[in-house]
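Numbering (my numbering), first residue to last: 30 to 138.
Quick reminder that beta carbons are idealized off the backbone N, C-alpha and C, glycines included.
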């Protein structure tokens with residue numbers, strides 16, 4: 030989980046010298062402080078519980094529909110998957126394997 034935390038901090042612009050990166054980091058921090066998004070720790074706990082594997086990369090992006098976590102995960106069978114998660118409530122919005130095949134979500138998830 031420490032690796033994933035480091036990756037999210039890097040993706041949010043921690044220590045970055047570019048003004049755009051710092052602005053993104055500030056926006057994400059404000060969203061967290063305002064309760065608009067769940068903390069990364071909460072998201073990763075759910076991912077680890079429901080999708081066993083090793084977290085390879087984490088991104089937090091603001092899309093038209095709201096904040097989204099995108100998490101790349103290496104499963105035990107060697108498959109690389111990308112999870113798209115609503116940062117507001119932790120709902121898994123989509124799962125894609127590296128070969129771009131979408132994996133259907135079960136109802137209630």
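So residue i packs on residue j, CB below 8 Å; how close in whole Å?
{"i": "residue 113", "j": "residue 122", "result": "5 Å"}
{"i": "residue 110", "j": "residue 126", "result": "5 Å"}
{"i": "residue 100", "j": "residue 84", "result": "6 Å"}
{"i": "residue 98", "j": "residue 124", "result": "So it is not a contact: roughly 13 Å between Cβ atoms."}
Give a yes or no on whether 7 Å exceeds the smallest Cβ distance from residue i to chain D.
{"i": "residue 75", "result": "Absent here is chain D; the protein component of the structure consists of one chain."}
Quick one: what's got a C-beta closer than 7 Å to residue i's C-beta in the same chain, skipping five residues either side?
{"i": "residue 75", "result": "119"}
{"i": "residue 80", "result": "102, 112"}
{"i": "residue 105", "result": "81, 82"}
Do residue j and residue i count as a contact pair if the criterion is CB distance below 7 Å?
{"i": "residue 95", "j": "residue 117", "result": "yes"}
Tell me which same chain residues have a C-beta within less than 6 Å of the C-beta of residue i, skipping the five on either side of it?
{"i": "residue 115", "result": "122"}
Quick one: residues in its chain with C-beta nearer than 8 Å to the C-beta of residue i, no 5 flanking neighbours on either side, listed in chain order?
{"i": "residue 108", "result": "126, 127"}
(Q) Quick check on the DSSP output: what are the complete alpha helix (DSSP H) runs of length 4 or more inside the stretch 71-110, in order along the chain? (A) Within the stretch 71-110, no complete alpha helix (DSSP H) run reaches 4 residues.
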